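Chains as they are written, first to last, in the numbering used here: chain H, 967 to 1295; chain G, 75 to 401.
Yeah, the Cβ is synthetic: ideal placement off N, Cα and C, and Gly gets one too.
None of the values given here were measured: they were computed from a predicted structure.
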């Protein structure tokens, strides 16, 4: 089993929870006295050689590679299988509520939908949404965190109080309220993704801010100021690359959080709406018959857990790979 | 210390005030309670105008906010669309939700500390790997998946094995049960599965956090020194190491409160509990949606609880760790 040691970096706050945010888990206020930006202190801007080293560490990380393979299989499978599979997720077949068989490996539901086609379509929707959420919230989070951390002072105060506000109410509650207005119409994957991205950036913003606050005091940034480099140049060329490790790790973990939250929203009936299907809505519609037709629950649930698990493994592996203070196994 | 507490509370109050406005705004713009009426061709515009006036929707937004806020300060949380006052309902539902949340937090924290310490002390042992594997699994499993597994599969088997219904899967208690002991066992039977659900999704992250924190402390110089002095290893572990390793975890438990409430919403809906979560859900999915008074009151109460816990966490951290200066 590879080394998945989140908090053994010398003197660092234990980071397992702090760096992961599935379930929209966010730590609501900075712990006073906690080390902010320790990762950056220990990380020089990755050059090509360092990237290669990190890549090698990632490939050697068994769990991370396992996660990466599972994720790729899920993603490619959900794209490729529907192309040659005889049934689409909306096809209504002549078999109703039949268990797994050769014709329908995942069985069929009460209406006659082929569950394999449904689960594949659901997986694709869930992954699609999560990837969009991660991309958007990483950009917003990095931008806000960078501005707050770089300028400090009043800009920092305003931006951080703003992010605090998102944290005072459970994420799922805000999402439920927001999606309510639109849930009577057909909420497509893109809409749900934007909704999630609207709230998911705050965690990364806090993290980047901490990193930037400590980075801006460093000599090499001071030197950039001295030679008259522009603000943009300093932020984009010197500070962001130094924070790249935590950005990448958290973007990954955001994917896991987004899959989970999106599925929860859909399970409650306020996320993705028909005719679109996702894993959460499949589980919700299979729930009522879970005892008698267990395949309606097992397959979507297994794919959902597998997807989240895989992304969490990748995230952990990336953290270990990008953190040079990591000790050998 | 007192000065810090006052300053922190004032800041919390300011946050709450701003949050109350934004939450009010959020609900106000997120849906039109009159939409159902307006969609009905048999309802005349005059009736709609009356309804609009009754709900106060004909007033400017700021004035509505002010009326709402001042009413709440006098303990009036408004009236739901069913005509019931929101306040009393909210408090009784809060009681039901706490019956699930408080035991869950205590049990999850307890399990997390034990597992965290064991996995840190026996780092890289088979036990460590096994428990880490479970932590990953529960960390990655959505609340509702665990809830369905427990109620549709485990509960059925357990009840069959025992011979009568011991674990209930719907509701927070059976109405009409009398007597102290039957009422108690009935409530416990209803509470077991939701609590297990919430514990499983909560402990996983905390146990990893405790493990990391414990490993940090075990590698610290003062622990090495205590060992070098020849102290009893158990004493080193429990007195020198564990006490300090608990500090960050205690605050994480307090800070995670918003997440736990989020998990409780889903758990309540999965198990059909009539607590706070269900209240919000009904307020958003009812025939007249959103039930403005209900949703606004819900968000405000939750925000208050979360902010109080955040202050509590900060103060607790300072009390537990004398190295932190409250300047």
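For residue i, I'd like the list of residues in its chain whose CB is within less than 8 Å of its CB, leaving aside the five on either flank, ordered along the chain.
i: residue 117 of chain G; result: 111
i: residue 129 of chain G; result: 107, 108 and 366
i: residue 212 of chain G; result: 220, 274, 275, 277 and 278
i: residue 310 of chain G; result: 297, 300 and 301
i: residue 379 of chain G; result: 331 and 335
Report the CB separation of residue i from residue j in whole angstroms; it is logged as a contact under 8 Å.
i: residue 1095 of chain H; j: residue 1228 of chain H; result: 5 Å
i: residue 1087 of chain H; j: residue 1048 of chain H; result: 7 Å
i: residue 1232 of chain H; j: residue 1250 of chain H; result: 7 Å
i: residue 1142 of chain H; j: residue 305 of chain G; result: Not a contact, Cβ separation roughly 53 Å.
i: residue 217 of chain G; j: residue 321 of chain G; result: Incorrect: roughly 28 Å between the Cβ atoms, too far for contact.
i: residue 243 of chain G; j: residue 229 of chain G; result: 5 Å
i: residue 1224 of chain H; j: residue 1162 of chain H; result: 6 Å
i: residue 330 of chain G; j: residue 82 of chain G; result: Wrong, their Cβ atoms sit about 19 Å apart, outside the cutoff.
i: residue 1111 of chain H; j: residue 1173 of chain H; result: 7 Å
i: residue 1046 of chain H; j: residue 1272 of chain H; result: Not really, about 17 Å apart at Cβ, beyond 8 Å.
Roughly how many angstroms separate the alpha carbons of residue i and residue j, rounded to a whole number?
i: residue 1114 of chain H; j: residue 1179 of chain H; result: 8 Å
i: residue 338 of chain G; j: residue 351 of chain G; result: 7 Å
i: residue 1040 of chain H; j: residue 95 of chain G; result: 43 Å
i: residue 1280 of chain H; j: residue 1021 of chain H; result: 12 Å
i: residue 1236 of chain H; j: residue 1145 of chain H; result: 6 Å
i: residue 221 of chain G; j: residue 1118 of chain H; result: 44 Å
i: residue 214 of chain G; j: residue 1222 of chain H; result: 8 Å
i: residue 1169 of chain H; j: residue 332 of chain G; result: 14 Å
i: residue 86 of chain G; j: residue 381 of chain G; result: 6 Å
i: residue 1059 of chain H; j: residue 1252 of chain H; result: 17 Å
i: residue 300 of chain G; j: residue 1177 of chain H; result: 34 Å
i: residue 1191 of chain H; j: residue 1124 of chain H; result: 25 Å
i: residue 1016 of chain H; j: residue 1129 of chain H; result: 33 Å
i: residue 1238 of chain H; j: residue 219 of chain G; result: 18 Å
i: residue 319 of chain G; j: residue 1090 of chain H; result: 42 Å
i: residue 102 of chain G; j: residue 345 of chain G; result: 30 Å
i: residue 294 of chain G; j: residue 315 of chain G; result: 9 Å
i: residue 391 of chain G; j: residue 325 of chain G; result: 6 Å
i: residue 179 of chain G; j: residue 327 of chain G; result: 8 Å
i: residue 1101 of chain H; j: residue 1243 of chain H; result: 22 Å
i: residue 210 of chain G; j: residue 269 of chain G; result: 19 Å
i: residue 312 of chain G; j: residue 199 of chain G; result: 20 Å
i: residue 169 of chain G; j: residue 266 of chain G; result: 16 Å
i: residue 256 of chain G; j: residue 1057 of chain H; result: 51 Å
i: residue 239 of chain G; j: residue 1042 of chain H; result: 45 Å
i: residue 286 of chain G; j: residue 192 of chain G; result: 11 Å
Pull the bridge partners of residue i from the DSSP assignment, please.
i: residue 193 of chain G; result: Answer is none; residue 193 of chain G lacks a bridge partner.
i: residue 1058 of chain H; result: H:1079
i: residue 153 of chain G; result: G:159
i: residue 1074 of chain H; result: H:1080
Just to confirm my understanding: we take residue i, look at its own chain, exclude 5 residues before and 5 after, and list those with CB closer than 6 Å. What are they?
i: residue 362 of chain G; result: 107, 110 and 155
i: residue 997 of chain H; result: Note that residue 997 of chain H has pLDDT 40, beneath the 50 cutoff, so the model's placement of it is unreliable and no number is given.
i: residue 1034 of chain H; result: 1280
i: residue 342 of chain G; result: 349, 351 and 352
i: residue 1167 of chain H; result: 1103, 1106 and 1107
i: residue 395 of chain G; result: 321
Keeping to the same chain, check which residues put their C-beta closer than 7 Å to that of residue i; ignore five residues upstream and five downstream.
i: residue 1063 of chain H; result: 1074, 1075, 1076 and 1259
i: residue 260 of chain G; result: 247, 248 and 251
i: residue 1054 of chain H; result: 1048 and 1083
i: residue 291 of chain G; result: 297, 315, 318 and 319
i: residue 401 of chain G; result: Caution applies to residue 401 of chain G, whose pLDDT of 47 falls short of 50 and renders its modelled position unreliable; the value that the coordinates give is listed next. None.
i: residue 271 of chain G; result: 217, 220, 221, 224 and 341
i: residue 1024 of chain H; result: 1030, 1283, 1284 and 1287
i: residue 1201 of chain H; result: 1112 and 1116
Original post:
Using a Cβ cut-off of 7 Å, which residues of the region 1264-1278 of chain H contact any Cβ in chain G, in chain order?
Top reply: 1267, 1270, 1271, 1274, 1275 and 1278
Subject >> Interfacial residues, the region 1105-1136 of chain H to chain G, with Cβ spacing under 8 Å >> reply: 1127, 1130, 1131, 1133, 1134, 1135 and 1136
Subject >> Residues from the region 1215-1230 of chain H in contact with chain G, defined by Cβ distance under 8 Å >> reply: 1222, 1226, 1229 and 1230
Subject >> Selection of the region 161-185 of chain G by Cβ proximity to chain H, strictly under 7 Å >> reply: none
Subject >> Members of the region 1031-1052 of chain H that neighbour chain G once the beta carbon cut-off is set at 8 Å >> reply: none
Original post:
What are the residues of the region 185-215 of chain G that lie near chain H, defined by any Cβ-Cβ distance shorter than 8 Å?
Top reply: 198, 203, 206, 210, 211, 213, 214 and 215
Subject >> Interface residues of the region 329-345 of chain G facing chain H [CB-CB below 9 Å] >> reply: 329, 330, 331, 332, 333, 334, 335, 336, 337, 338, 339, 340, 343 and 344
Subject >> Interface positions of the region 1073-1105 of chain H facing chain G (Cβ-Cβ less than 8 Å), listed along the chain >> reply: none
**OP:** Scan the region 224-250 of chain G for residues whose Cβ lies nearer than 8 Å to a Cβ of chain H and list them as they occur along the chain.
**Re:** 226, 227 and 230
Original post:
Given a limit of 8 Å on CB to CB distance, which residues of the region 91-102 of chain G reach chain H?
Top reply: 92, 93, 96, 97, 100 and 101
Subject >> Against chain H: residues of the region 351-382 of chain G by CB proximity under 8 Å >> reply: 354, 355, 358, 359, 363, 364, 369, 372, 373, 376, 377, 380 and 381
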